[in-house]
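Numbering (full-length UniProt numbering), first residue to last: 1 to 189. Ideal Cβ positions, reconstructed from N, Cα and C, are used throughout, including at glycine. So the structure is just underneath, and the comments pick up after that.
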């Protein structure tokens with residue numbers, strides 16, 4: 001989708017989101033601060049750490065890990081293990097297409113709700129969403145349907161080398177030298 005200047009609106013939206021993310025201004029708050037605060041509790045019984053990459057590469061194993069974690073004494077995991085059909089259905093709904101359809105529709109719904117809020121009362125995340133562009137461009141960004149963007153392929157990054165370097169510097173600044181949080185993504189550089 002092109003904007004009025006003939007530029008890719010999804011790419012511009014991503015670049016704006018990236019800047020906000022790296023500078024701790026993302027609509028969801030500071031992801032790295034949130035991640036590191038929870039990572040410090042990684043061995044607590046009520047905390048489960050997993051990555052998108054784990055879910056994409058080993059969906060059945062990861063779905064069972066989630067089910068075991070959520071259920072009382074592993075009840076949900078046992079239920080999925082007893083019903084291969086239910087496990088397959090659950091895995092299918094967690095794959096790229098199903099997840100991003102949900103994200104795209106949720107983004108559109110939130111944008112419609114945001115349109116009804118007066119400018120004075122709008123939360124910062126709403127202002128950022130509206131500044132990034134219309135819901136179609138933003139939805140395409142997050143669904144990664146825009147030409148040239150990742151289609152849920154592990155390792156297929158939208159980051160330029162400069163963006164990746166800047167991200168690594170930010171991660172090091174937040175996590176410090178002794179934190180092993182990046183081991184969650186062992187296969188990524």
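* Asked: Grouping DSSP H, G and I as helix and E and B as strand, with all else coil, what is residue 20?
  -> helix
* To do: Look at residue 25 and residue 33 and say whether their C-beta atoms are less than 9 angstroms apart.
  => no
* **residue 173 burial status per 10 Å Cβ neighbour count (16 or more: buried)** => exposed
* With residue 174 as the anchor, note down where its alpha helix (DSSP H) starts and where it stops. => 161-175
* Asked: Between residue 31 and residue 56, what straight-line distance do the alpha-carbon atoms span, to the nearest angstrom?
  -> 21 angstroms
* Looking at the unbroken alpha helix (DSSP H) that takes in residue 91, where does it start and where does it end? -> 84-94
* **Sequence-distant residues of the same chain with beta carbon closer than 6 angstroms to residue 39, five excluded per side** => 181
* Rounded straight-line distance, which links the Cα of residue 117 to that of residue 95 -> 34 angstroms
* To do: Note down, in chain order, each residue of its chain lying with its Cβ closer than 7 angstroms to the Cβ of residue 62, except the 5 sequence neighbours on either side.
  => 50, 54, 55
* Range of the contiguous alpha helix (DSSP H) that encloses residue 68 -> 59-70
* In whole angstroms, what is the alpha-carbon distance linking residue 59 and residue 79? -> 16 angstroms
* Asked: Does the separation of the CB atoms of residue 64 and residue 87 fall below 9 angstroms?
  -> yes
* To the nearest angstrom, report how far apart residue 106 and residue 17 are at their CA atoms. => 17 angstroms
* To do: Quick one: residues in its chain with C-beta nearer than 7 angstroms to the C-beta of residue 166, no 5 flanking neighbours on either side, listed in chain order?
  => 22
* To do: Measure the beta-carbon distance from residue 77 to residue 92 and round it to whole angstroms, keeping in mind my assumption that it falls under 8 angstroms.
  => With a Cβ gap of about 18 angstroms, residue 77 and residue 92 do not count as contacting.
* Buried or exposed: where does residue 72 fall if 16 or more other Cβ atoms within 10 Å of its Cβ makes it buried? -> Classification of residue 72: exposed, given that the 10 Å Cβ count is below 16.
* By DSSP, does residue 122 sit in helix, in strand, or in coil? -> coil
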